[in-house]
Amino acid sequence: MNAPLLDRLAQLARRALQRPRLDLPLLLALALVMATGLVTLYSAGDKDLGLVLNQGARFVLGGILLLAISRLPPGMLRTWTPWLYAFSVLLLVATALLGEGRGAHRWLDLRVVRFQPSELLKLTMPMMVAWYLHARPLPPGWRDLAAVGALIAVPAGLIAKQPDLGTALLVAASGAFALFLSGLAWWRIGVILGAVGAALPVAWHYMHDYQKNRVRMFMNPEADPLGNGWHIIQSEIAVGAGGVTGKGWHHGTQSRLEFLPEHTTDFVFAVFSEEFGLVGVLALLALYVFIIGRCLWIAAEAKDTYSRLLAGALAMAFFVYVMVNGGMITGILPVVGVPLPLVSYGGTSAVSLLTGFGVLMSIHAHKKLVR
Amino acid sequence: MNARRARLKDHRAEAALFRRRAVAGFALIVACLAVLAGRFAVLQVARHAEFATRADANRIRLQPLPPARGLIYDRNGVLLAENRAAYRLEVVPERVRDLQALLHELGGVVALSEEDLRRFDEARRAKRKFQSVPLRFRLSEDELARFAVNSWRFPGVEVVPYQTRSYPLGAEFGHVVGYVGRIDEGDLRAMEKRTDTDVASRYAGTTHIGKTGVERQYEDLLHGEPGFEQVETNADGRALRVLERSPPTPGRNLYLTIDAHLQEAAEAAFAGRPGAAVAIDPRNGEVLALVSVPNYDPNLFVNGIAQSDYSALLEAPDTPLLDRALRGRYPPGSTMKPFVGLAGLELGFRTPQDTVISTGEFFIPGQSRGYRDDIRWGHGRVDLELAIEWSVNTYFYQLALDMGIDRLAGYLGQFGFGAPTGIDLPGEGSGVLPSREWKRASMNQPWYLGETVIAGIGQGYWVVTPLQLAHAVATLGNRGVRERPHLLLATQDGLGAERVAVAPPPSPGTVIRKAADWAAVEAGMHGAIYGDHGTARGLGDGFPYTIAGKTGTVEKFSRTTDAWDTRVSDAELAARHRALFICFTPAEAPRIAVAVVLESAAWGGKDAAPLARKILDAWLRSQPDAPATASTGAGP
Chain A
16 MNAPLLDRLA QLARRALQRP RLDLPLLLAL ALVMATGLVT LYSAGDKDLG LVLNQGARFV
76 LGGILLLAIS RLPPGMLRTW TPWLYAFSVL LLVATALLGE GRGAHRWLDL RVVRFQPSEL
136 LKLTMPMMVA WYLHARPLPP GWRDLAAVGA LIAVPAGLIA KQPDLGTALL VAASGAFALF
196 LSGLAWWRIG VILGAVGAAL PVAWHYMHDY QKNRVRMFMN PEADPLGNGW HIIQSEIAVG
256 AGGVTGKGWH HGTQSRLEFL PEHTTDFVFA VFSEEFGLVG VLALLALYVF IIGRCLWIAA
316 EAKDTYSRLL AGALAMAFFV YVMVNGGMIT GILPVVGVPL PLVSYGGTSA VSLLTGFGVL
376 MSIHAHKKLV R
Chain B
27 MNARRARLKD HRAEAALFRR RAVAGFALIV ACLAVLAGRF AVLQVARHAE FATRADANRI
87 RLQPLPPARG LIYDRNGVLL AENRAAYRLE VVPERVRDLQ ALLHELGGVV ALSEEDLRRF
147 DEARRAKRKF QSVPLRFRLS EDELARFAVN SWRFPGVEVV PYQTRSYPLG AEFGHVVGYV
207 GRIDEGDLRA MEKRTDTDVA SRYAGTTHIG KTGVERQYED LLHGEPGFEQ VETNADGRAL
267 RVLERSPPTP GRNLYLTIDA HLQEAAEAAF AGRPGAAVAI DPRNGEVLAL VSVPNYDPNL
327 FVNGIAQSDY SALLEAPDTP LLDRALRGRY PPGSTMKPFV GLAGLELGFR TPQDTVISTG
387 EFFIPGQSRG YRDDIRWGHG RVDLELAIEW SVNTYFYQLA LDMGIDRLAG YLGQFGFGAP
447 TGIDLPGEGS GVLPSREWKR ASMNQPWYLG ETVIAGIGQG YWVVTPLQLA HAVATLGNRG
507 VRERPHLLLA TQDGLGAERV AVAPPPSPGT VIRKAADWAA VEAGMHGAIY GDHGTARGLG
567 DGFPYTIAGK TGTVEKFSRT TDAWDTRVSD AELAARHRAL FICFTPAEAP RIAVAVVLES
627 AAWGGKDAAP LARKILDAWL RSQPDAPATA STGAGP
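Quick mapping for you: the protein sequence lines, in order, are chains A and B. Taking my numbering, the leading residue of the first sequence gets 16, the next gets one more, and so forth. Taking my numbering, the leading residue of the second sequence gets 27, the next gets one more, and so forth.
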């Protein structure tokens with residue numbers, strides 16, 4: 016009774032070894048980052064094994080999704096892209112009408128799971144832009160630019176309205192990266208950046224008070240050391256106190272004694288920096304650079320424009336998470352609720368990131384066979 | 027055609043374009059991450075020391091450990107102030123689900139007054155939820171036992187041992203030793219003004235401070251140095267563990283010059299009658315007894331006196347809170363005569379042999395107002411010795427008139443009248459030494475000759491404190507060598523340690539120049555005790571040493587008629603008179619000098635002098651070399 020099943024499994028294993036659909040170096044690097052995340056969480060959560068197991072379960076869920084999506088051919092993803100995009104925008108609209116969450120309408124309760132539809136856009140947005148540009152001759156012209164601009168602006172605007180400025184910027188950036196990689200002329204990029212710069216004062220006007228405060232605090236955290244500046248100051252103290260080699264695992268006082276807020280989620284990098292020092296930070300950053308580089312390499316090897324742009328945009332978006340989070344905890348960027356990818360505690364982020372890497376694995380598995 | 031071609035997709039070119047862009051993007055990414063890494067390096071290498079310090083400052087708190095307060099003893103080691111182990115109930119609000127219900131239920135086990143609950147509420151608001159708040163102080167044995175049995179019903183309530191100041195002899199030393207009380211705003215302001223020590227850190231963990239008496243005077247000796255505990259705290263301020271500990275240094279124990287037995291006997295001798303008595307060792311200024319009646323129990327004040335108790339003390343007609351020995355204001359009356367007589371001799375206005383005729387009434391030449399003697403028909407012809415022995419007013423009326431008020435005041439000022447004696451206690455009064463200058467300054471009025479006359483017998487504007495009087499009579503006994511009265515005899519570092527004697531304050535000087543002058547005055551004071559008509563005759567009966575003394579009786583009110591009235595009863599007189607007595611013994615080499623003031627008593631000789639004798643008797647018991655036979659008063 017079991018023999019046919021075992022035979023089938025052995026056959027699958029053989030095939031997987033002969034023609035691996037997964038990029039093993041990338042997989043290994045991701046596993047290393049996730050392991051680092053779990054180790055840091057154990058310390059940041061004050062030896063709370065439940066917290067670590069919880070996060071581990073999400074990694075497993077994300078891993079299964081990664082495996083499943085890696086089996087799908089990119090062509091099929093491309094066919095579904097407009098529908099996925101439309102579906103996620105629809106969810107955003109639904110969230111705006113029915114959503115819940117502390118002070119902000121971000122969460123959608125689907126009875127079974129509660130999740131943030133904006134996370135979905137982190138994937139469907141670059142897919143959509145890649146889908147659009149795939150059919151167009153490249154480099155894109157003004158008309159394409161306008162169309163892509165609209166595709167980006169609608170969901171980004173909805174997310175910003177939630178209000179979740181950080182995610183809105185990240186989603187917009189992931190679309191913009193696809194545009195950048197499609198070869199948009201440098202001078203046009205210059206014009207766009209100039210326009211965005213000119214629009215910033217207007218955006219400031221429409222920002223919520225707490226958002227304005229975050230920016231103000233970033234400019235001068237010592238002005239209100241016990242209030243809004245507390246996060247930045249305590250985070251900088253944690254990082255600085257780590258020194259070159261760090262205080263050692265579970266010896267970081269800033270998080271253990273609860274001076275550091277959000278020390279399992281947004282500020283987990285500060286805990287890591289305090290306990291493992293500059294050496295640990297450089298090692299982790301090197302891992303991230305390797306992952307990004309590997310993803311860009313997979314993109315360059317992809318067989319069509321859609322796959323290339325999508326893989327490249329995902330890689331660059333991944334960089335943005337690292338940069339924004341690292342900049343936040345060291346005080347060179349404002350406090351924006353962006354988790355450190357695959358390290359911060361949180362299910363939505365981990366699962367959506369691993370789903371994205373599933374897409375990358377799929378692209379890798381279906382790369383062009385000849386150059 | 028060309029444009030159309032350009033619009034067709036060129037897959038090879040697009041792939042190459044993508045590769046270029048990917049390389050550019052990657053370069054940008056690496057550059058950005060390099061900046062980030064640089065920022066990490068700045069924080070973790072260049073500014074590491076700064077942030078390491080701030081991280082420690084975050085978590086490490088210095089917790090002061092208050093020192094044990096020094097004990098206070100009398101000269102023979104009788105305990106006057108101690109630290110007693112006591113127990114208090116403390117509540118951690120965080121661990122209590124329903125505070126009101128708990129307090130209600132707890133009230134059935136230990137007594138909780140409104141005052142307790144009010145203080146608890148106040149303290150609770152000033153603290154964090156996890157911090158322990160005291161609810162009841164000084165639990166009795168019964169309450170301790172009852173709570174121990176019921177403690178399981180009260181999670182979050184704990185019995186905490188602490189030390190409380192206690193005065194075992196109670197009211198007897200209320201005015202001398204004083205008391206400690208909770209540090210209040212006035213104390214804090216006084217501390218801020220001090221620059222000699224870092225008061226803020228010295229008192230970091232201290233709750234009580236000396237408020238009056240020796241407790242206040244020697245606060246710095248008694249307090250000790252606090253220790254510190256370095257504790258690790260979390261962001262809420264909760265202490266998690268002790269990192270380092272340096273123990274406190276207890277305060278020094280003090281030995282006072284007071285003899286508790288003498289003090290006790292003196293207080294008992296008053297039998298509750300308001301007044302004051304001071305006994306001083308003339309040889310060195312050591313204060314042997316310092317009594318003010320009535321007094322109060324200093325223990326009431328230590329943990330905050332109840333409002334009702336305090337009102338009772340404040341409103342009592344005989345003002346128990348007033349330290350009469352130090353701040354009482356009394357006209358010295360005839361006790362001033364030996365000093366006035368001495369002034370006459372020393373300033374050259376009289377010889378011991380000069381006489382005056384007492385006719386019963388004295389007139390300033392050209393004035394009709396009469397100044398009376400005690401005896402209606404006068405004492406006859408008297409010299410200085412008899413004038414002191416019989417307390418003849420006329421002798422001193424004439425003498426004062428001859429000297430003039432300024433010379434009189436100038437000489438008596440050398441005995442310490444009109445200024446604080448400088449005793450080591452806070453709040454000493456200075457009395458009034460009347461003079462032209464004083465009257466001009468304080469009342470803006472000219473001086474009248476009649477005022478000089480009555481100043482000669484210690485009446486009029488004269489005000490002395492019992493301490494000043496005792497200091498002056500001690501100086502007289504010590505043949506004019508002043509010794510500043512003081513209370514601190516020795517100090518001690520901890521219980522088993524050696525007593526370290528404290529050097530007495532330097533002598534302010536010598537007042538009497540000629541030994542013969544002193545002998546003449548001493549003869550008069552000797553006569554007052556042993557003479558046939560001495561005002562305190564019989565006082566020395568059965569006492570082994572020769573006593574020299576002087577009585578004083580002062581009317582509280584001026585007489586309203588010129589009528590002589592001798593039919594008044596003692597009780598009626600007592601309501602109108604103050605009785606005083608000063609003395610020293612042994613007369614030839616005095617070892618104790620005493621001043622007694624009774625606020626309401628008929629006569630100095632009849633009422634105040636016997637009280638002084640009781641003090642001398644008590645003192646005698648502490649003199650191991652006292653001869654067994656009684657002195658007959660036959661002087662050397």
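From the three backbone atoms N, C-alpha and C, an ideal C-beta is built for every residue, glycine too. Quick caveat: nothing in here was measured; it's all calculated off a predicted structure.
Any Cβ of chain A closer than 7 angstroms to the Cβ of residue 254(B) would place that residue at the interface, and such an atom is absent. Secondary structure of residue 384(B) (DSSP, three-state): strand.
Using a CB distance cut-off of 7 angstroms, residue 327(A) counts as an interface residue toward chain B.
Listed along the chain, the chain B residues whose CB falls inside 8 angstroms of the CB of residue 304(A) are 55, 56 and 59. Those residues of the stretch 65-87 of chain B placed with their C-beta closer than 7 angstroms to a C-beta in chain A are 65, 66, 67, 69, 70, 71, 73, 74, 76, 77, 78, 80, 81, 84 and 85, ordered along the chain. The beta-bridge partner set that DSSP reports for residue 109(B) consists of 191(B). Secondary structure of residue 84(B) (DSSP, three-state): helix. Secondary structure at residue 35(B): coil, using DSSP grouped into helix, strand and coil. Within 10 angstroms of the beta-carbon of residue 206(A) lie fewer than 16 other beta-carbons, which makes it exposed. Within chain A, not a single residue places a beta-carbon under 7 angstroms from that of residue 156(B); the smallest gap is close to 13 angstroms. With a contact defined as Cβ atoms closer than 8 angstroms, residue 248(B) and residue 95(B) qualify at about 5 angstroms.
When DSSP states are grouped into helix, strand and coil, residue 246(A) belongs to the helix group.
Within chain B, the residues whose beta carbon sits less than 9 angstroms from that of residue 154(A) are 40 and 43, listed in sequence order.
Residue 544(B) and residue 432(B) have their C-alpha atoms some 22 angstroms from each other. Of the candidates 510(B), 522(B) and 551(B), 510(B) places its Cα closest to the Cα of residue 533(B). For residue 91(A), the number of other beta carbons within 10 angstroms of its own is below 16, and it is reported as exposed.
Closest in C-alpha terms to residue 47(B), from the list 284(A), 308(A), 347(A) and 339(A), comes 308(A).
For the stretch 257-282 of chain B, the set of residues with a beta-carbon nearer than 8 angstroms to any beta-carbon of chain A comprises 258, 259, 260, 261, 262 and 266, in chain order. Under the three-state reduction of DSSP, residue 279(B) is assigned to strand. Of all alpha-carbon atoms in 131(A), 141(A) and 145(A), the one lying nearest the alpha-carbon of residue 179(A) is that of 131(A). Under the three-state reduction of DSSP, residue 230(B) is assigned to coil, being neither helix nor strand. Residue 358(A) holds the alpha-carbon nearest to the alpha-carbon of residue 54(A) among 246(A), 358(A) and 134(A).
Under DSSP, residue 270(B) shares a beta bridge with 256(B). In terms of Cα proximity to residue 80(A), the closest of 306(A), 148(A) and 377(A) is 377(A). Unbroken alpha helix (DSSP H) stretches of 4 residues or longer found wholly inside the stretch 312-371 of chain A: 320-344, given in chain order. Rounded to whole angstroms, the Cβ separation of residue 292(A) and residue 257(A) is 5 angstroms, and the two are in contact under 8 angstroms. Interface flag for residue 187(A) against chain B is unset, since no Cβ pair is found closer than 7 angstroms. In this structure, the straight-line span from the alpha carbon of residue 189(A) to that of residue 134(A) is close to 12 angstroms. Taking C-alpha positions only, residue 219(B) is separated from residue 226(B) by approximately 11 angstroms. When C-alpha distances from residue 303(B) are compared across 635(B), 111(B) and 647(B), the shortest belongs to 635(B). Going by C-alpha positions, residue 264(A) is about 36 angstroms away from residue 231(B). Secondary structure of residue 573(B) (DSSP, three-state): coil. Under the DSSP assignment, residue 275(A) falls outside any alpha helix (DSSP H); it carries neither an H nor an E label.
Counting of Cβ neighbours within 10 angstroms places residue 571(B) among the buried residues, the total reaching 16 or more. Listed along chain B are 66, 67, 70 and 71, each with a C-beta nearer than 8 angstroms to that of residue 293(A).
Of the candidates 374(B), 146(B), 367(B) and 405(B), the residue whose Cα lies closest to the Cα of residue 385(B) is 405(B).
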